[in-house]
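Number of protein chains: 2
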Amino acid sequence: MQMSVGAPLGVFDSGLGGLTVVKALRVSLPQESIAYFGDTARLPYGTKSPATVYQFTRQCLRFLMSLRPKLLVVACNTASALALAELRGEFEVPIVGVLEPGAKAAVEVTREKKGGGGKRGGLIATEATIASNAYPAAIRRLDPQVQVIGRACPLLVPMIEEGREPTDVIVGLVLREYLTPFLELDISTLILGCTHYPLFADAIAQTLGAGGGGVKLIDSAKQTALVVREQLDTMNARSTSSGAPPTRPPLTCYVTDQGQRFERLASRFLGESVGQPVWVTPEMLEL
Amino acid sequence: MQMSVGAPLGVFDSGLGGLTVVKALRVSLPQESIAYFGDTARLPYGTKSPATVYQFTRQCLRFLMSLRPKLLVVACNTASALALAELRGEFEVPIVGVLEPGAKAAVEVTREKKGGGGKRGGLIATEATIASNAYPAAIRRLDPQVQVIGRACPLLVPMIEEGREPTDVIVGLVLREYLTPFLELDISTLILGCTHYPLFADAIAQTLGAGGGGVKLIDSAKQTALVVREQLDTMNARSTSSGAPPTRPPLTCYVTDQGQRFERLASRFLGESVGQPVWVTPEMLEL
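Read top to bottom, the protein sequences are chains S and Z. For what it's worth, our numbering labels the leading residue of the first sequence as 183, then goes sequentially. For what it's worth, our numbering labels the leading residue of the second sequence as 183, then goes sequentially.
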């Protein structure tokens, strides 16, 4: 396949969370246009089985491929954990997931830290990501001495999508419940293993700070944007500005569910408003 | 189509919640065999648009029709609210939803109550059910004098599926937040407009009892089972016991997602364990 430097980055997520990765990409790679696909009709993936997540992810990536992207980003931790390894060979462009960049950053930070338990990291994620064991496996490949302790946090995504503020009393109690075990385990890092979680990053840091002292949070979104930039450099495929003042390259969103919900919630994740998304029904996706 | 008295009841839900309706059917109609379909790969429906809920519900009912049921039950409030009216003409067997039985019971109880605001009822449900306005419309058709005040409660389903007990501190706080507005509105009934909610019925009653005094909860599951029984009587289609001791008629579950999650959670809704469900991938459903 002929690769065009002006082609978009294809970014996939089960719904809204991947927009935190888009936000990081817009900072890190401001010249790139982005086609974002959110499978909003079938979200969430975090409670689904590997077989289903694989099938849905494959369909969505095939749709993105029809837009002739130069690179695909799987901006969903659950899809990265459950489906990416199997999908990698299927497409003619490189695929960057969010799991390996997060795992790599966690290993680096854990190594740097001195004293205490030292080589122990925490992970919060969806039920499916935790059950997959993909993060501990990726980290073990990078450094067998780093231990990872994971915990599913099923209420965080619905609380964020409900619009609760990080300062909400109920958010505080839920975070305390989910994070207390980590306080006793002397972790040096905590991976935010779901693209929704950066919206609660400050509240998570505060909860850990109460007794954890200096736990470093790993936000996969930023790490992933850096890996995408490196990958484009390797391919010599960065878009370049053409004339001043530069026009902001487009972000086009495709969603499988109709309705205003995506548009309404998107700005919380992206930090800016998205335009009207394009509706692609699940029936239009190839099997 | 030839209708067989021995044919199963076809019960549809987006996932697990409809099992509370199955539980009520097993009590009310112990001689009936049941085919249950849970669209676990694409749940929840409660945050999705009418177009998507219609399309998914139609596919699932078409699958159930291939099992030659004598009657269909849409045991999902969101699907009943968003899709049932349009779907009714499409199938050759009667379809009973959960919305009208609940609305009817709410109107009856509201009428009986004396004094106070009297003719005012409350409704808790998913975002999509509330947005559809289907409950207020159904109630207005039955009695234009009964007012309904609705509120979406997005955290209740994930808290129930997470396995939280009704006595959990966080459950108590969330219920207080969601229900406090109703305490000030002098309601006489509260419709549990989502089939998950009966699992928290006692905690909901307790929260309302603190200041609400005698608010009657409407559990659509039980009301729906009564309507199904009446409908079968009208059709002269009740299964009859054949010899003693009667064998328990089968409950067969079909789900669109693979994995143990359905089986693991099902007993909380059904009050008994379900067998291994049959896996029907979404791709196998006709468009």
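Heads up, the beta-carbon is just placed ideally off N, CA and C, and yes, glycines get one too. As the structure is a computational prediction, the values presented were derived from the model and not from experiment.
Taking C-beta pairs closer than 7 angstroms, name the residues in chain Z that residue i reaches, listed in chain order.
i, result
"residue 231/S", "439, 440, 441"
Bridge partners for residue i per DSSP, in chain order?
i, result
"residue 379/S", "Answer by DSSP bridge pairing: none, since residue 379/S is not bridged."
"residue 218/Z", "193/Z, 435/Z"
"residue 349/Z", "None, per the DSSP bridge assignment."
"residue 398/Z", "371/Z"
"residue 386/Z", "Per DSSP, none; premise fails for residue 386/Z."
"residue 329/S", "302/S"
"residue 253/S", "191/S"
"residue 279/S", "256/S"
"residue 307/S", "334/S, 375/S"
"residue 460/S", "436/S"
Does the ligand ZN have even one heavy atom less than 7 angstroms from the beta-carbon of residue i?
i, result
"residue 222/Z", "This structure lacks the ligand ZN, and indeed carries no ligand of any kind."
Less than 6 angstroms between C-beta atoms, sequence neighbours within five positions excluded: which residues of the same chain meet that for residue i?
i, result
"residue 407/Z", "206, 207, 210"
"residue 223/S", "438, 439, 464"
"residue 473/S", "Residue 473/S is absent from the model: chain S starts at 183 and stops at 469."
"residue 425/S", "Legend: pLDDT at residue 425/S = 48, less than 50; position of this residue unreliable, value from coordinates given subsequently. Excluding sequence neighbours, residue 425/S sits near nothing in its chain."
"residue 342/S", "378, 381"
"residue 434/Z", "217"
"residue 250/Z", "189"
"residue 314/S", "263, 264"
"residue 339/Z", "378"
Given that a residue counts as buried once 16 or more other Cβ atoms are within 10 Å of its Cβ, and exposed if not, what is residue i?
i, result
"residue 468/Z", "exposed"
"residue 190/S", "buried"
"residue 409/Z", "buried"
"residue 397/Z", "buried"
"residue 186/Z", "exposed"
"residue 268/S", "exposed"
"residue 200/S", "buried"
"residue 420/S", "exposed"
"residue 391/Z", "exposed"
"residue 351/Z", "exposed"
"residue 405/Z", "buried"
"residue 471/Z", "Residue 471/Z lies beyond the range of chain Z shown here (183 to 469); nothing can be said about it."
"residue 152/S", "One cannot answer for residue 152/S here, as it falls past the ends of chain S, which runs 183 to 469."
"residue 346/S", "buried"
"residue 429/Z", "exposed"
"residue 353/Z", "buried"
"residue 460/Z", "exposed"
"residue 198/Z", "buried"
Which residues in chain S sit within 9 angstroms of residue i, going by Cβ to Cβ distance?
i, result
"residue 463/Z", "233, 234, 237"
I want to verify the contact list: residues of chain S whose CB lies under 7 angstroms from the CB of residue i, in sequence order.
i, result
"residue 344/Z", "336, 337"
"residue 133/Z", "Outside the displayed span of chain Z (183 to 469) sits residue 133/Z, for which this structure offers no information."
Identify, in the order they occur along the chain, each residue of the same chain with its Cβ nearer than 8 angstroms to the Cβ of residue i, setting aside the five sequence neighbours on each side.
i, result
"residue 367/Z", "299, 302, 304, 331"
"residue 270/Z", "277"
"residue 328/Z", "288, 289, 292, 293, 301, 302, 303, 321, 322"
"residue 240/S", "265, 269, 272"
"residue 364/S", "304, 331, 333, 372, 390, 394, 397"
"residue 310/Z", "227, 228, 229, 230, 231, 232, 235, 260, 263, 264"
Within a Cβ cutoff of 7 angstroms, which residues of the same chain sit near residue i, ignoring the five residues on either side of it in sequence?
i, result
"residue 195/Z", "220, 257, 258, 377"
"residue 273/S", "243, 247, 254"
"residue 432/S", "215"
"residue 335/Z", "306, 360"
"residue 452/Z", "201, 204, 205"
"residue 348/Z", "382, 384, 385"
"residue 282/S", "320"
"residue 279/Z", "256, 262, 266"
"residue 389/S", "357, 358, 361"
"residue 399/Z", "372, 374, 383, 386, 387"
Taking 8 angstroms as the CB-CB limit, is residue i close to chain A?
i, result
"residue 399/Z", "Going by chain labels, chain A is absent from the structure shown, which instead holds the protein chains S and Z."
Of all the residues that make up the region 349–365 of chain S, which are near chain Z by a beta-carbon distance shorter than 8 angstroms? Of all residues in the region 349–365 of chain S, the ones placed with a Cβ closer than 8 angstroms to any Cβ belonging to chain Z are 351, 352, 355, 356, 359, in chain order.
Of the residues that make up the region 191–225 of chain S, which ones have a beta carbon closer than 7 angstroms to any beta carbon in chain Z? Under the 7 angstroms Cβ criterion, the region 191–225 of chain S contributes 223, 224.
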